[in-house]
Amino acid sequence: MSSNGDRFEIKFWGVRGSIPCPGTQTVRYGGNTTCVEMRVGRERLIFDGGTGLRILGDSLLPEMPVTGHLFFTHSHWDHIQGFPFFAPAFIPGNKFHIYGLPAPNGATIKQRLHDQMLHPNFPVPLQIMQANLEFYDIEAKELVQINDVTVETGRLNHPGEALGYRVTYQGLAAVFVTDTEHFPDSLDNNVLHLARDAEVLIIDTTYTDEEYHDPKSSKVGWGHSTWQEAVKIAKVANVKKLLLFHHDPAHNDAFLDNMKLQVQKVFPNTLLAQEGLVIDLSLV
1 MSSNGDRFEI KFWGVRGSIP CPGTQTVRYG GNTTCVEMRV GRERLIFDGG
51 TGLRILGDSL LPEMPVTGHL FFTHSHWDHI QGFPFFAPAF IPGNKFHIYG
101 LPAPNGATIK QRLHDQMLHP NFPVPLQIMQ ANLEFYDIEA KELVQINDVT
151 VETGRLNHPG EALGYRVTYQ GLAAVFVTDT EHFPDSLDNN VLHLARDAEV
201 LIIDTTYTDE EYHDPKSSKV GWGHSTWQEA VKIAKVANVK KLLLFHHDPA
251 HNDAFLDNMK LQVQKVFPNT LLAQEGLVID LSLV
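Note that UniProt numbering gives residue 213 to position 213 of the sequence shown, counting from 1, and the numbers run on in steps of one.
Structure follows, in structure tokens:
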């Protein structure tokens with residue numbers, strides 16, 4: 001793009017769901033759990049803190065001091081397990097604004113990030129982090145304004161609740177909706193609203209329809225969707241580019257290659273998220 005002030009770029013640092021899956025069969029798409037960075041104007045937005053957050057953090061070390069906004073969809077392990085290894089959070093002079101939906105039991109995002117670092121599960125507490133960490137409780141349908149960047153939230157259909165996010169800047173929109181399960185008899189109006197006319201929709205497609213409805217191992221009620229349902233959303237919402245995300249750890253590179261061929265037959269402007277992929281919204 002012409003300048004930092006015009007920039008709207010998305011970079012994928014972790015694209016897996018459930019559990020990291022490094023190995024020879026996941027080299028091309030990557031094995032780290034969910035973490036997506038958006039560089040929007042002069043702002044840095046980070047969505048979820050899976051193991052991909054560690055790699056993102058290491059990449060930021062030459063840029064100290066840094067400021068960022070970290071948005072959590074929810075606090076299942078694969079979305080927070082990289083936070084204790086986010087190196088910039090340990091360095092004085094850095095500043096991170098951290099946002100999350102309170103859990104059904106009332107636990108704030110600060111409490112949940114704190115609790116995963118308590119003994120006997122982790123050697124050092126959250127308080128050892130020397131960066132300036134500011135925590136915010138947000139709700140569905142809330143708008144977060146970060147200078148000229150607008151972040152809109154919407155509730156997702158997931159056990160324990162989750163938030164989806166829509167980022168808008170200079171007339172361009174990118175949407176991040178993971179983890180979410182489709183409804184059996186209708187499209188999810190919350191997802192449709194977030195995805196409306198978006199340049200890019202990043203969406204949970206953990207399963208195929210066949211896996212989701214497998215009579216021997218049904219995934220109904222597990223909180224995740226399929227690529228077939230994502231295509232329905234993208235078409236109705238008039239999305240320009242579809243990004244399939246939150247890959248199942250059992251889906252190796254060959255499986256995902258085949259999935260990409262299938263989905264591109266019905267929605268050609270589709271990519272599968274992979275570590276290192278950069279999307280420039282001005283070019284979508």
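Just so it is clear, CB atoms sit at the ideal spot from N, CA and C, and this is done for glycine as well.
All values reported here derive from a predicted model rather than from experimental measurement.
Beta-carbon within less than 8 Å of Met64's beta-carbon, same chain only, minus the 5 sequence neighbours each way: which residues are those? Pro88, Ile91, Gly93 and Asn94
Whether Gly52 touches Asn32 by CB criterion (7 Å): The answer is yes: Cβ separation under 7 Å.
Are there any heavy atoms of the ligand GDP lying less than 6 Å away from the beta-carbon of Glu210, as far as the coordinates show? Ligands in the displayed structure: none, and consequently the ligand GDP is not present.
Alpha carbons only, please: which of Val284, Leu61 and Ile46 is nearest the one belonging to Phe176? Ile46
Which runs of the beta strand (DSSP E) spanning at least 3 residues fall entirely within the stretch 187-257, listed in chain order? 200-204 and 241-245
Cutoff 8 Å; reference Ser218; Cβ partners in own chain excluding five residues on either side: Tyr212
Taking the C-alpha atoms as reference points, what is the distance between Ser2 and Leu281? Interpretation of Ser2 is limited by its pLDDT of 41, a score under 50 that renders its predicted location unreliable; no figure is taken from the coordinates.
Give the range of the alpha helix (DSSP H) segment to which Lys110 is assigned. Ile109 to Asp115
C-alpha gap between Val66 and Phe183, whole angstroms: 40 Å
Close Cβ partners of His193 (< 8 Å) along its chain, the five nearest in sequence each way excluded: Gly154
For Asn4, which residues of its own chain have a beta-carbon under 6 Å away from its beta-carbon, when the five flanking residues on both sides are left out? Arg42
For Ala254, which residues from the same chain have a beta carbon less than 6 Å from its beta carbon, with the 5 sequence-adjacent residues on both sides left out? none
Beta strand (DSSP E) segments (min. 3 residues) lying fully within the stretch 104-160: 132-137, 143-146 and 149-156
Decide if Phe122 is buried, meaning its Cβ has at least 16 other Cβ atoms within 10 Å, or exposed. exposed
How about the stretch 237-248 and the stretch 17-25: do they share at least three Cβ pairs that are nearer than 8 Å? yes
Is Met38 near Val167, with beta carbons less than 7 Å apart? yes
4 or more residues per run - each alpha helix (DSSP H) lying fully within the stretch 36-106: 52-60 and 77-80
Note down the Cα distance separating Asn258 from Leu133, rounded to an integer number of angstroms. 42 Å
What are the partner residues of Tyr29, as DSSP defines its beta bridges? Tyr29 pairs with nothing; no bridge assigned.
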